[in-house]
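**Q**
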Amino acid sequence: MLDTRLNFTIEEIIQVYLNRFQQFLQGTISSRQERIGRQETIELLLRSHAPESVANCLVDALFKRLDTPASGWLFVEDVKQEIPHLDKTIRNLVGQLVEGFTHTFQQALQMADSHPDGTIDHHELINVFMAANCMPHHIAEQITNEMLYNIEMNGSGRIPLEEIWEQILTVADRCINARAIVEQIVKTFTRNFNYTLQSEGDGDRKLKREELVKAISRSFRNAPRYYAEQMANDMFVRLGQNRDGEIPLPEIYAQIPQMQSHLVVAADYVTRTLMDTFQAIVRESACNRSGTIARRELLNCLIRAGMSPYDANCTADDIFASFDRDPHQYLSLQEVLLELPNQGWRCIYPLR
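Read left to right, the sequence shown gives residues 19 to 370 (this note's numbering).
1) By Cβ distance, which residues of its chain are closer than 7 Å to S66, with the 5 residues on each side in sequence left out?
2) Taking the continuous beta strand (DSSP E) assigned at E264, which residues delimit it?
3) I'd like the list of long-range same chain contacts for F341, defined as Cβ closer than 8 Å, with 5 residues on each side in sequence excluded.
4) Quick one: what's got a C-beta closer than 8 Å to E180's C-beta in the same chain, skipping five residues either side?
5) Return the Cβ separation of L28 and V94 in integer angstroms, given the expectation that the two are a contact with Cβ distance under 8 Å.
6) Answer yes or no: does any C-beta atom of chain D fall closer than 8 Å to that of V146?
7) Distance, Cα to Cα, D85 vs Y245?
8) If the criterion is Cβ atoms closer than 8 Å, does the pair H280 and Q259 meet it?
9) Have a look at V189 and M165 and give me their C-alpha separation to the nearest angstrom.
10) Closest to K98 by C-alpha separation, out of F238, L76, P87, would be which residue?
11) Can you check which of these residues, V72, A130, F81, is closest to L111 by C-alpha distance?
12) Going straight from the alpha carbon of E264 to that of L225, what length do you get?
13) Which same chain residues, not among the five before or five after S48, have their C-beta less than 7 Å away from its C-beta?
14) Here's a check: name, in chain order, each residue in its chain whose Cβ is nearer than 7 Å to the Cβ of R53, leaving out the five neighbours to either side.
15) Quick test of the definition: if touching needs 3 or more C-beta pairs under 8 Å, does the segment 327-339 touch the segment 302-309?
16) Does F341 come out as helix, strand or coil in the three-state DSSP assignment?
17) Quick one: what's got a C-beta closer than 8 Å to D131's C-beta in the same chain, skipping five residues either side?
18) Between A250 and Y287, is the Cβ-Cβ spacing less than 8 Å?
19) I'd like the list of long-range same chain contacts for R83, defined as Cβ closer than 8 Å, with 5 residues on each side in sequence excluded.
20) Please report the residue range of the alpha helix (DSSP H) in which R256 lies.
21) Can you round the beta-carbon distance between A126 and I157 to whole angstroms, since I take them to be within the 8 Å contact cut?
22) Taking only three categories from DSSP, how would you classify F207?
23) When burial is assigned at 16 or more other CB atoms within 10 Å of the CB, is R243 buried or exposed?
24) Taking the Cβ atom as the reference point for each residue, do R198 and P69 lie within a distance shorter than 8 Å?
25) Which residue marks the beginning of the beta strand (DSSP E) containing Y348, and which one marks its end?
26) Exposed or buried, P275, counting other C-beta atoms within 10 Å across all chains shown (16 or more means buried)?
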């Protein structure tokens, strides 16, 4: 039974990636140009919440099959025709991701049963998801609530581990998507950090602690200085430096992937701020009375809530695509509020 459910979950995840890739390809590319490059193809897949390993595998397969002159470009129509045949290309890779997640989750679940009495509570389950996948708290909370909807709990508020384990494959896709979001958080911060340092001077220099704190703060908009101080302190400790020392930039760059737990917590903060601000803006707008929102209204609200125009455009496109809705149609506010937390990391962009 588990093998059947596992195969069904793998197939579901694959189809979500391919269907959303098709939607983004049609809505974002075909109206502007006839060809698409490798990096832009990867970006479309990453916007589909495909893990970077899956995106790279699909793009490699597409270019191997379609880029016969080795020009570095593909015709959009050729890509569209090839998408339905790509499922076998990533089946093993997605299977490994699902099995890896379930194995890690099972280990984290067993460690969470500290009593041990074979049960955990709601908050402990949230922590299990965070430990298993290093996902932001708000996403772990969403997934936990979704899982518990299908589980009957007794009056003690404790949840049997067996029932949790039976439900885990129903949320595996959300958990793997959350991991892809973490990849985007780290990638976006790294890009911003590089931009910040390049715009401020020589790339071979060393940074003192206060200089590092300022560079991190400028690279992660809307996150309080507190998170930048945590990251800087952690880097100095990892590299065996005291607070008055200096760290060469190459060593700092090498440490960024190790900082993902700090980045995830900071991203959770800016996402919650985005949600609160967005809802306050919506309450003052006409769409709050109708209960629906058009793409133009959504775009304006996102920009006012703190996103850059470019990221707000991408977010509006992605939210409409998530519900398979044409951008000229309307979304309910409930749908927007359901998907918006997955886009909160886009509030990370460097101050100019």
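C-beta: ideal position from N, C-alpha, C; glycine also.
**A** Checking against the coordinates, here is how it stands:
1) Y35, R38, F39, F42
2) 264-266
3) L349, E353, E357
4) G136
5) Per the sequence presented here, residue 28 reads as Ile, with Leu not at that position. Not confirmed; about 28 Å, so no contact.
6) Note that chain D does not occur in the displayed structure, where there is just one protein chain.
7) 45 Å
8) no
9) 7 Å
10) L76
11) V72
12) 5 Å
13) Any answer about S48 is weak, because its pLDDT of 47 lies below 50 and its placement is not dependable; what the coordinates show is given next. Closer than 7 Å at the Cβ level, and outside the excluded window around S48, lie V94.
14) W91, L92, F93, V94
15) no
16) coil
17) T137, I138, L179
18) no
19) E100
20) 243-256
21) That belief does not hold up - the Cβ atoms of A126 and I157 are roughly 15 Å apart, past 8 Å.
22) helix
23) exposed
24) One detail in the question is off: residue 198 reads as Ala in this sequence, not Arg. Contact flag set, yes.
25) 348-350
26) exposed
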